[in-house]
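Q:
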Amino acid sequence: MAAPPDASIKTLSGTWVLDKKLSDDPDAAFKLQGLGWLTRKAISVATINTEFTQFTETDINTSTPIVHLTAHQSAAGGAGGTTETRVLDWVDRPHTDRIFGNAVVRSRFVDGVDDGNGNIRPDLDLQTVGSDGSFLKETLSAGGEKVDEDLSSLFIQDYIVSSDGGWTAEQIWAFEFIDGERFLTRRALLSNGSKSMPTRVIYRFVKR
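Quick look at the structure:
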């Protein structure tokens, strides 16, 4: 189902399922990340459920509240599960993924900004070299925010640098309207050498 009205980037905890019909075909993106045919095939036939757990802890050194986000993805019908862990403080952290290998990841909330036409887009400090980031910047918030309201922390930005495959991935998490319905989305700009590729994944809400 579409995302409930009270679901936001700050309240992602719950179960979501990847909508393959609405999402871009990820095969070419997976190739760019060095995944073999068998792995890509297994992912393509599996139903991907993602269990998000989001919580806040206080940094013992700075007394600053820091949001943690864990996404456990389980794939029925083929490929096994993986877990992504994000700490939203924009600090580089090592991450090991069973499918994508070793990487360094940093994540943070990103504020929204009025684009001059009443649309709220991410106020993005692009990390990907050699790109204008238009695919990420064109994200429109579906939260119903007004330009004179609080536009803080409407999006999540990830920047991932592969330690094994030479690729990078810059991602924006958001809620967007698609065909009149509100969905959780993950836009990614993938780069590997001179090649780059945009892709978008759409998630349907299942349950809290």
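Under UniProt numbering, the residues of the sequence shown are numbered 1 to 208, in order.
For every residue, glycine included, the Cβ atom is placed at its ideal position computed from N, Cα and C.
Considering Thr47, what are the terminal residues of the beta strand (DSSP E) in which it resides?
A: In the sequence shown, the residue the question calls residue 47 occupies position 47. Residues Thr47 to Thr58.
Q: Per DSSP, what kind of secondary structure is Trp37 in: helix, strand or coil?
A: Here residue 37 corresponds to residue number 37 of the sequence shown, with the count starting at 1. Helix at Trp37.
Q: Enumerate in chain order the residues of its own chain whose CB-to-CB distance from Ala71 is below 6 angstroms, with the five nearest sequence positions on each side excluded.
A: Here residue 71 corresponds to residue number 71 of the sequence shown, with the count starting at 1. Only Thr50, Phe52 and Glu84 meet the Cβ criterion.
Q: Which word fits Ser194, buried or exposed, when buried means at least 16 other C-beta atoms lie within 10 angstroms of its C-beta?
A: Translated into the one-based positions of the sequence shown, residue 194 becomes position 194. Counting Cβ neighbours within 10 Å, Ser194 comes out exposed, since fewer than 16 surround it.
Q: Buried or exposed for Thr185, please, with buried defined as at least 16 other CB atoms from any protein chain shown within 10 angstroms of its CB.
A: By one-based count along the sequence shown, residue 185 stands at place 185. With 16 or more other Cβ atoms within 10 Å, it is buried.
Q: Could you check whether the stretch 30-44 touches the stretch 5-13, counting it as contact only if at least three pairs of C-beta atoms, one from each stretch, sit closer than 8 angstroms?
A: no
Q: Apart from the five residues just before and just after Gly130, which ones in its own chain have a Cβ nearer than 6 angstroms to its Cβ?
A: The count along the sequence shown starts at 1 and reaches residue 130 at position 130. Exclusion of the five residues before and after Gly130 leaves no residue of its chain whose Cβ lies closer than 6 angstroms to its Cβ.
Q: Which of the three DSSP states, helix, strand or coil, is assigned to Ala7?
A: As a first step, residue 7 must be located in the sequence shown, where it is residue number 7. Here Ala7 sits in coil by DSSP.
Q: Give, in chain order, every unbroken run of the alpha helix (DSSP H) that is at least 4 residues long and sits entirely within the stretch 129-205.
A: 134-137
Q: Which one or two residues does DSSP pair with Gln127 in a beta bridge?
A: On the sequence shown, residue 127 is found 127 positions in, with the first residue counted as 1. DSSP output for Gln127 lists no bridge partner at all.
Q: Could you tell me the alpha carbon to alpha carbon distance between Ala169 and Ile60, rounded to whole angstroms?
A: Residue 169 sits at position 169 when you count from the first residue of the sequence shown. Residue 60 sits at position 60 when you count from the first residue of the sequence shown. Ala169 and Ile60: Cα-Cα distance of roughly 30 angstroms.
Q: Buried or exposed for Arg121, please, with buried defined as at least 16 other CB atoms from any protein chain shown within 10 angstroms of its CB.
A: In the sequence shown, residue 121 corresponds to position 121, counting from 1. The residue is buried, with at least 16 neighbouring Cβ atoms inside 10 Å.
Q: Grab me the residues of Thr82's own chain with a C-beta within less than 6 angstroms of its C-beta, minus the 5 sequence neighbours each way, in chain order.
A: Here residue 82 refers to the residue found at position 82 when the sequence shown is read from its first residue. Setting aside the 5 residues that flank it on each side, Thr82 is surrounded in the same chain by Gln73, Asp97, Arg98 and Ile99, each with a C-beta closer than 6 angstroms to its C-beta; the list follows chain order.
Q: Who does Lys207 pair with in a DSSP beta bridge?
A: Taking the first residue of the sequence shown as 1, we reach residue 207 at position 207. DSSP, once it has assigned bridges, lists Thr15 as partnering Lys207.
Q: If I measure Cβ to Cβ from Asp139 and keep anything under 8 angstroms in the same chain, skipping five residues before and after, which residues do I get?
A: Along the sequence shown, read from residue 1 onward, the residue named residue 139 stands at position 139. Reading off the sequence shown, one finds Thr at residue 139, where the question assumed Asp. Hits under 8 angstroms: Arg121, Pro122, Phe155, Ile172, Ala174, Glu176, Thr185 and Arg187.
Q: Can you tell me where the alpha helix (DSSP H) holding Phe30 begins and where it ends?
A: Against the sequence shown, residue 30 aligns to sequence position 30. Element bounds for Phe30: Asp27 to Leu32.
Q: Quick check on the DSSP output: the beta strand (DSSP E) that includes Val91 runs from which residue to which?
A: The count along the sequence shown starts at 1 and reaches residue 91 at position 91. That residue, Val91, is in no beta strand (DSSP E); it is neither H nor E in DSSP.
Q: Who are the Cβ neighbours of Ile27 in its own chain at under 8 angstroms, not counting the five residues just before and after it?
A: Here the question's residue 27 lines up with position 27 in the sequence shown. At residue 27 the sequence reads Asp, which differs from the Ile that was named. Answer for Asp27: Arg40 and Ser44, listed in chain order.
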